């Protein structure tokens, strides 16, 4: 009987592969052994970390105005203990006598009562504006007019004619003022019918003085009346005139 060799059972056929694999493993272990290092325990100095306190911003606290809780109800009143005490004090009775007198009674002394002087205080009426006074002042020459509006018209015309006659318009030429000039004058016609408390306002002091001088020349008038009593009446007078340039 003859034995045949199985080609698959040849162990030497793969010996080269096993040799290469073993060589690679040995080289890897050798390299790993050469690279291996051991580290000793060393003291590590840990530095302290300083923490700096940052400035903290003060945040305002918003307080809510909450109403306080209602107070507790008061306790019920304790019942009072009334102690009856016997009254042993002697009280003097007050005798009430009648104030009526008869003819038989004698009056010891008569007390005289001095007369009390009563002075009626007069109501002081201050100055009244010209437009609201009950009876306006009467300018000389306007006495026969009964209608109030006609009296105002007559008085305005008389004062306007007075100003035109006495006001010196050459002052504006001397001052070099041209165009429309306005001076506002306020004065009172007092309880006696005289002109008083003159106030003037204009573009120049000399014009104000001239306006006051002209108003001061107004004649005496019949004073205005309020509640049938003479009163001071305030009157406003605008003086306006135009100075034209001479060509």
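Numbering (UniProt numbering), first residue to last: 1 to 247.
Here a beta-carbon is modelled for each residue, glycine too, at the ideal position from N, C-alpha and C.
Since we're looking at a predicted model, the values are computed, not measured.
Counting of Cβ neighbours within 10 angstroms places residue 236 among the exposed residues, the total staying below 16. For residue 237, the enclosing beta strand (DSSP E) stretches over residues 233-243. A Cβ-Cβ contact shorter than 7 Å links residue 190 with residue 232. Straight-line spacing of the CA atoms in residue 219 and residue 163 works out to 12 Å. Taking one beta carbon from each stretch, the segment 176-184 and the segment 195-208 have 3 or more pairs nearer than 8 Å; the two touch. Given a length threshold of 4 residues, each whole run of the alpha helix (DSSP H) inside the segment 122-188 is given here in chain order: 148-166, 170-175. Collapsing the DSSP output to three states places residue 220 in coil.
Residue state for residue 205 is assigned as helix, using DSSP reduced to three classes.
Looking at the DSSP output, residue 230 shares a beta bridge with 225. For the 7 Å CB-CB criterion, residue 171 and residue 211 do not form a contact. Under DSSP, the beta-bridge partners assigned to residue 195 are 189.
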